Structure formats: structure tokens, C-alpha cells
Amino acid sequence: MTTGDNKNEGNAVRVQRREYDEDMIPTGTGPVVVVTQSRKMSIYGPNFNYGPIQLRKQRLLEKMKKEAETAMEKRIEELRMAQRILDEQLRSKQVAVQQVLTERKPCNVENTQKNGSTQQYQHHSAVYAIKP
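If you're matching positions, the sequence shown starts at 1 in full-length UniProt numbering and goes up one per residue.
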């Protein structure tokens, strides 16, 4: 057998392709509009089974990331509101304490105001003084 005797030489091997019902469905009366893009026309190249799955995973991860960020922002806002409420309560308590302290008169103010002297304190010092 010589090289020129082979009948199939130079012919490409036929590859059987699957046909999908949803591929290239024309709709409408005008120019052909493709509703579903053919899998053969995929932007992911000849290995079209890998691309869409990877894209789905990426979209799912992005969706989960957005949901997590939204939940985190919501929780942070709740914590900020709780902190504001606690700060306001603390301020109101401090204001109340300051009012009580300013309204209170020191002990024996009436006595010193009446006679203008500190006789009561001197008496106390004399009575309880440490004697040698």
C-alpha cells in the first residue's frame, strides 16, 4: 500500500454534535432574535461546560458577600444606636447627679451663715482633740 492509496487521508474526522431544542429559537416576525444563546456560541471557548459553572459560582459568592455586608452594616448600625442610647442615659444620669450636688448645701451652712463664725467647729476640735 502506498501513501496515495488511503481513501480517508486528508479528511477531518467527523465529530458528532449534540443538538439542543432550545438553541437558536427565532421569535417574532422581523429579523431573527435569539432568546437563548447556543452553547456552541459560548464566550467561554470550546470548553463551554466549565465557564457557566464558574460564572454561577462567582455570582453566588458575590451574592453571599453582598448579603453578608448588608447584614454586617445593619448590625453595626444597631450597635451604634444602642451605644447612642447608653451614652444619652449616662449623660442624663450625670446631669441628675450634678443637679443633686449643686442643690445640696454643705453641712452647717446655716450655722455659719447665722452667726458668721465657726464656733461649732472649734468646739468640736477642743472636745475631740488628742491630748498628750
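Virtual Cβ for every residue (Gly too), placed ideally from N, Cα, C. Predicted model, so just to flag it, every value in this text is computed and none were measured.
query: How many Å lie between LEU60 and LEU79 at the Cα?
result: LEU60 and LEU79 have their C-alpha atoms spaced approximately 28 angstroms apart.
field: Cutoff 6 angstroms; reference ILE53; Cβ partners in own chain excluding five residues on either side
entry: Answer for ILE53: no residue qualifies.
query: If we ignore side chains and look at the alpha-carbon of each, how far apart do GLU77 and ARG84 end up?
result: Cα to Cα, the separation comes out at about 10 angstroms.
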